[in-house]
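**Q** Below are the structure tokens for one structure; questions will follow.
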């Protein structure tokens, strides 16, 4: 009798070994995955690889230290110079591309309702964790934060002098453009920065990590508020998490870059949720704290007042006046307490003009002024500044009109008022004299929770990904590098199309599945 060849797993023999043990192991693994929402493996792994590549590349081409205690004068120092730096730079851009791909793939799963909010959060967390120990990416702002926090520890007013007043390791790593610029941030953030600088001492790497961890508090607040806030504002939690938490702007700019706008996002989202729950006083407190980090967050306060007024009796005028009085009665002592706790005055108000020293076309009014200047310059040399000033003045007028119209349209309060607050916050980011990629986060802290159309999501994908490359990994501007911007725009457009049309170029060897079912 001829022996039959055995199969890879012979289920007729040794059932305990062939079936029972693996089944038990598989069931435990499945249970663990279920607790995490059963995140899709492909996007999760791809995004983690992308983050690790950016972390590795960041040590050579990110916001590296002037004098790195780990790499300078070490065998690994080549990573910061010459070909080593070029390789590091390539790794960062490869990581950006892979993360964009992972994000779009995850978005398809969300749109098709194959994954829920827990899966999106698990995936985003896996992408974000490596960024907690990364060098600053696409910015050097965190070094400014540390230097501004160190100033009051040594008796300097951060609203009167810039980092150069206090030479040291923090100041040495501040971008030259901001060396003599007073802090444009509110008293709560100065208290934050002062605390981190005190804890870090003269250990700048520890300071960067501590500052990032302190700012991630804002992300925690955002994630906690997001599910209920999305349901109240007509959105879907899983989609909102994909839009704002798993977004490459969050992973790379907000956490990888370590921007204080992250704290603003968490406070605004929590303030909005509190207002919709009827905890109006607490909502005003939280929005005031957000303004005490960045003044732009104060735009949300008049809309929170309208939400409060919407729950009162009487005419629109009477209830708005009453809610405004209550709001002011809360705002003043809370802001004053932040100021006293930080040990500073109101000098930050004139310092708010500091960002306007940046002249770039990402600000729509500034860009319009530059464009008109370029056209006029064809006929002869002329100074650009008057054109920029006129553009910014027109932009301020347009912003005022938008804000007033949105506020008046929100007079009935409720979720619509918060949606309109998000619109105005986004308008502030785009129409202010200066716009930076992470400024759009102010409005997205609220707009991510509303109902989005498929076409709007494609626009979101395009701009989210394109915003990633308008700065180089070391924090210098790439805004006038036409090759980088052009290639980035083409790839971002391709990603936007592929969100709803997998394999838009028809490169797959076998037919792909049907387009995602979008809501």
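In my numbering, the protein residues as written are 135 to 653. Even for Gly, the Cβ is constructed at its ideal location relative to N, Cα and C.
On the three-state DSSP scale, how would you describe residue 605?
**A** Taking the first residue of the chain shown as position 1, residue 605 is located at position 471. DSSP places residue 605 in strand when its eight states are reduced to three.
**Q** Go to residue 328, then tell me how far its alpha helix (DSSP H) extends in each direction, as first and last residue.
**A** Numbered from 1 along the chain shown, position 194 holds the residue referred to as residue 328. Its alpha helix (DSSP H) spans residues 321-334.
**Q** Going by DSSP, which residues form a beta bridge with residue 611?
**A** As a first step, residue 611 is located in the chain shown; it is residue number 477 there, counting from the start. For residue 611, which the question treats as bridged, DSSP gives the partners 605.
**Q** So what does DSSP say about residue 201, is it helix, strand or coil?
**A** The residue you call residue 201 lines up with position 67 of the chain shown. Residue 201 falls in the coil class under three-state DSSP.
**Q** Quick check: the Cα distance between residue 481 and residue 256, rounded to an integer number of angstroms?
**A** As a first step, residue 481 is located in the chain shown; it is residue number 347 there, counting from the start. As a first step, residue 256 is located in the chain shown; it is residue number 122 there, counting from the start. So the two alpha carbons sit approximately 42 Å from each other.
**Q** Where residue 523 and residue 512 are concerned, what is the direct C-alpha to C-alpha distance, given to the nearest angstrom?
**A** Indexing the chain shown from 1 puts residue 523 at position 389. Indexing the chain shown from 1 puts residue 512 at position 378. Whole-angstrom Cα-Cα distance: 20 Å.
**Q** Whole angstroms are fine: how far does the CA of residue 385 sit from the CA of residue 379?
**A** Stepping through the chain shown from its first residue, residue 379 is reached at position 245. Stepping through the chain shown from its first residue, residue 385 is reached at position 251. Distance between the alpha carbons of residue 379 and residue 385 is about 8 Å.
**Q** Do you know offhand how far residue 626's Cα is from residue 443's?
**A** Translated into positions along the chain shown, residue 626 becomes position 492. Translated into positions along the chain shown, residue 443 becomes position 309. Approximately 42 Å between the Cα atoms of the pair.
**Q** Assign residue 80 to one of three DSSP states: helix, strand, or coil.
**A** In the structure displayed, the chain extends from 135 to 653; residue 80 sits before or after that span and is not available.
**Q** In angstroms with no decimal places, state the Cα-to-Cα distance between residue 112 and residue 294.
**A** Residue 112 is absent from the structure shown; the chain starts at 135 and stops at 653.
**Q** If we ignore side chains and look at the alpha-carbon of each, how far apart do residue 521 and residue 563 end up?
**A** One-based indexing of the chain shown puts residue 521 at position 387. One-based indexing of the chain shown puts residue 563 at position 429. Going from the Cα of residue 521 to the Cα of residue 563 covers about 20 Å.
**Q** Given that a residue counts as buried once 16 or more other Cβ atoms are within 10 Å of its Cβ, and exposed if not, what is residue 340?
**A** Looking up residue 340 in the chain shown gives position 206. Label assigned to residue 340: exposed.
**Q** If you reduce the DSSP assignment to three classes, tell me which class residue 418 lands in.
**A** As a first step, residue 418 is located in the chain shown; it is residue number 284 there, counting from the start. Helix, per DSSP.
**Q** Select from 345, 388, 331 and 287 the residue whose C-alpha is nearest the C-alpha of residue 356.
**A** Mapped onto the chain shown, residue 356 falls at position 222. Of the listed residues, the one whose Cα sits closest to residue 356 is 388.
**Q** Run the CB neighbour count on residue 469, radius 10 Å, all protein chains shown included, and call it buried at 16 or more, exposed below.
**A** As a position in the chain shown, residue 469 is number 335, starting the count at 1. That one is buried.
**Q** Hey, how far is the Cα of residue 553 from the Cα of residue 209?
**A** Within the chain shown, numbered from 1, the residue matching residue 553 stands at position 419. Within the chain shown, numbered from 1, the residue matching residue 209 stands at position 75. Whole-angstrom Cα-Cα distance: 54 Å.
**Q** For my contact list, residue 360 and residue 403 are in at a C-beta cut-off of 8 Å; report their separation, rounded to the angstrom.
**A** Against the chain shown, residue 360 aligns to sequence position 226. Against the chain shown, residue 403 aligns to sequence position 269. The Cβ separation is near 7 Å, so the contact holds.
**Q** Considering only residues of the same chain and omitting the five flanking positions on each side of residue 177, which have a CB-CB separation below 8 Å?
**A** To locate residue 177, count along the chain shown from 1; it is residue 43. For residue 177, where only same-chain residues beyond five positions count, the Cβ hits under 8 Å are 236, 237, 239, 240, 243 and 257.
**Q** Take residue 623 and list the residues in its own chain whose beta-carbon comes closer than 7 Å to its own, dropping the five residues that flank it on each side.
**A** By 1-based counting over the chain shown, the position of residue 623 is 489. Around residue 623: 600.
**Q** Where does residue 586 sit, in a helix, a strand or coil, going by DSSP?
**A** In the chain shown, the residue the question calls residue 586 occupies position 452. DSSP places residue 586 in coil when its eight states are reduced to three.
**Q** Alpha carbons only, please: which of 220, 272 and 204 is nearest the one belonging to residue 610?
**A** On the chain shown, position 476 is the one that residue 610 refers to. Among 220, 272 and 204, the Cα nearest to that of residue 610 is on 272.
**Q** Quick one: grab the DSSP three-state call for residue 376.
**A** Within the chain shown, residue 376 is the residue found at index 242, counting from 1. In the structure shown, residue 376 sits in a helix (DSSP, three-state: H, G or I).
**Q** What do you get for residue 207, buried or exposed, if any count of 16 or more other CB atoms within 10 angstroms of its CB means buried?
**A** The residue given as residue 207 occupies position 73 in the chain shown. Its Cβ having fewer than 16 others within 10 Å, residue 207 is exposed.
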